[in-house]
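First residue of the sequence shown? That's 880 in my numbering, and the numbers climb one at a time after it.
A virtual CB, placed ideally from N, CA and C, is assigned to each residue, including glycine.
Since the model is a prediction, treat every value here as computed from it, not as a measurement.
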Amino acid sequence: MAFSRRGFWQRTFGAVACAAGLASMASAASAAPVALNVVDVAGNLALTQKGFEAFRDKYPDLVSKITFTNAPAPQLPGKIKAMQAAGRSDIDIVLTGTDALAAGIQQNLWQRLLPDYSAKLPGVLDKYAPNVRAMQELSKGYGLAVTFMPAGPLVEYNPAKVTNPPKTPAELLAWCKANPGKLIYARPANSGPGRTFLMGLPYLLGDKDPHDPIKGWDKTWAFLKELDTCIPYYPGGTSAVMKELGEGSRDMTVTVTGWDINPRALGIVPATFKVQSFDKFTWVNDAHYMVVPKGVPKEKMDVIVKLINFMLEPAQQALTYDDGYFYPGPAVKDVPLSAAPAKSQETIAKYGRPEYAKLIADFPHAVPLDATAMVAAFQKWDAEIGSQKSK
């Protein structure tokens, strides 16, 4: 949906500022419940909103209201920085992927949760499985992982138009050149599949250092520049990619497990579309995090820490299977699909991929770039690849 970003942010921050003002009045008495403002820049509320609402309903003595707002990830750090410079605390929790998490760490925007609040988050790190624990370490204590996805990169395609899907980057490039305008992917700075593809290529291409996008990705940048010659444009987000794929204007994209399952479950992409893994690929894992901007008052922090604990309980984690959007979803150990709501179980049984379990078990896993390197990779892609074609 088209919108004015300037108007969007004016409305968004006007609304949360108003809510924050009401919250500060409500908390004048120390025992009064607080109003919380949650901003989602990762699409995470699809997985967690019911959990947040369950906390609100269970603890009316702690929370009077939770306001939920969705916003674009690339713009959020600058807005929070301006808010903090003005001495305002309008946002209490941010739900973010590794993109805004990294930018916020680099700009010193987030309240450190660990070890600062370790006493109130007992055993929290022990709840995570090894791959999730590795993702948690990326946050450097400034966030806590709330959902997890092995991710990709994977190739999604229309089997009616693609009879021999590419299994290597070279085959992907050859297909793209033979079918100009039919392959598309979104700007990595605002797309989980886009950045997973970006970060997965160094492993596939045998680059010198997959964790150094400036000095160690010579093959990746050369490949992306050549691939650019047959790509029509780079949408600003993944939703636009899936819409074009579903409408038939594109025949192929790069994807991740959740973005494969969920758009087909929603009918945006035909259920018949298929995925192909690359030969000898490495999973670049993904996670969503709960982070807290600096400046949130103590009476709210006390409630937020309790809320974080609540969101990592098995009952709330089971909700994150959702409709496969961030497959599988749970960040904590021992939350099987059988614990999820019946609708989630039915959706994943129908639209999931039986091969995913084996692929996840058989191929190696890697964490995304750290905060500084990720920002550098996004900036280099924006400047050298997407500057002329991004929308």
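Within 10 angstroms of its Cβ, does PRO1233 collect 16 or more other Cβ (buried), or is it exposed?
exposed
Limits of the beta strand (DSSP E) - the one that TYR1168 falls within:
1162 to 1170
Closest Cα partner of PHE1076 within the set ARG991, VAL1163, PHE1152:
VAL1163
Are the beta-carbon atoms of PHE1205 and PHE934 separated by less than 8 Å?
no
Quick check: the Cα distance between GLY966 and VAL1254, rounded to an integer number of angstroms?
26 Å
What does GLY1073 pair with, by DSSP beta-bridge criteria?
Note: GLY1073 sits in no beta bridge, so no partner.
Within a Cβ cutoff of 8 Å, which residues of the same chain sit near ASP1088, ignoring the five residues on either side of it in sequence?
PRO1081, LYS1094, GLY1095, TRP1096
Where ALA914 sits in the DSSP three-state scheme:
In the structure shown, ALA914 adopts extended strand secondary structure according to DSSP, grouped into three states.
Counting along the chain, where does the alpha helix (DSSP H) carrying ASN1010 start and finish?
1009 to 1017
Are the beta-carbon atoms belonging to LEU974 and MET1169 less than 8 Å from one another?
yes
When you compare the CB positions of SER943 and ALA979, do they come within less than 8 Å of one another, or not?
no
Among ARG991, VAL1003, ALA998, PHE1027, whose alpha-carbon lies nearest the alpha-carbon of TYR1021?
ARG991
Is THR927 buried or exposed, if buried means 16 or more other CB atoms sit within 10 Å of its CB?
When all chains shown are included, THR927 counts as buried.
So for SER968, helix, strand or coil by DSSP?
coil
Simplified DSSP assignment, three categories, for PHE1257
Shown here, PHE1257 sits in a helix according to DSSP, grouped into three states.
Quick one: grab the DSSP three-state call for VAL1135.
coil
When burial is assigned at 16 or more other CB atoms within 10 Å of the CB, is ASN1043 buried or exposed?
exposed
Which partner residues does LEU1033 have in the DSSP bridge list?
Its beta-bridge partners are THR1134, SER1156.
Check the DSSP bridge columns for ALA1245 and list the partner residues they point to.
VAL1163
Would the C-beta of ALA965 count as close to the ligand MG, meaning under 7 Å from any of its heavy atoms?
Among the components modelled here there is no ligand, and therefore nothing to report on the ligand MG.
Measure the C-alpha to C-alpha separation of PRO1072 and ASP1165 and round it to an integer number of angstroms.
The alpha-carbon atoms of PRO1072 and ASP1165 are separated by roughly 10 Å.
Whose C-beta lies closer than 7 Å to the C-beta of VAL1154 among residues of the same chain, with five residues either side of it excluded?
LEU1033, VAL1034, GLU1035, THR1134, ASP1139, ARG1232
Extent of the continuous beta strand (DSSP E) run through SER943
942 to 949
In angstroms with no decimal places, state the Cα-to-Cα distance between PHE1257 and PRO1067.
7 Å
Is DSSP giving GLY922 helix, strand or coil here?
coil
Straight-line gap, GLY1146 to ILE1063 (C-alpha atoms, nearest Å)
19 Å
Decide yes or no for the touch test of the stretch 1118 to 1133 against the stretch 999 to 1008: beta carbon pairs closer than 8 Å, at least 3 of them.
no
Alpha carbon of THR977 to alpha carbon of VAL1011, nearest angstrom:
13 Å
Among VAL1214, GLU1225, PRO951, ILE1187, whose alpha-carbon lies nearest the alpha-carbon of PRO827?
One cannot answer for residue 827 here, as it falls past the ends of the chain, which runs 880 to 1270.
Leaving aside the five residues before and after ILE984 along the sequence, list all residues of the same chain whose C-beta is less than 8 Å from its C-beta, in chain order.
SER1018, LYS1019, TYR1021, ALA1250
Would LEU844 and VAL1211 qualify as a contact pair, given that the criterion is a beta-carbon distance under 8 Å?
In the structure as shown, the chain starts at 880 and stops at 1270, and residue 844 therefore has no counterpart that could be examined.
If we count the other Cβ atoms within 10 Å of its Cβ and call it buried at 16 or more, is LYS1061 buried or exposed?
buried
Between the C-alpha atoms of THR1117 and GLU1178, what's the straight-line distance to the nearest angstrom?
37 Å
Residue from GLY1085, PRO953, PRO912, ALA950 with nearest C-alpha to LYS937:
Nearest of GLY1085, PRO953, PRO912, ALA950 to LYS937, Cα basis: PRO912.
Taking only three categories from DSSP, how would you classify TRP1096?
In the structure shown, the three-state DSSP call for TRP1096 is coil.
Compare the C-alpha of LYS929 against each of VAL1025, GLN1195, ASP1005 and name the closest.
GLN1195
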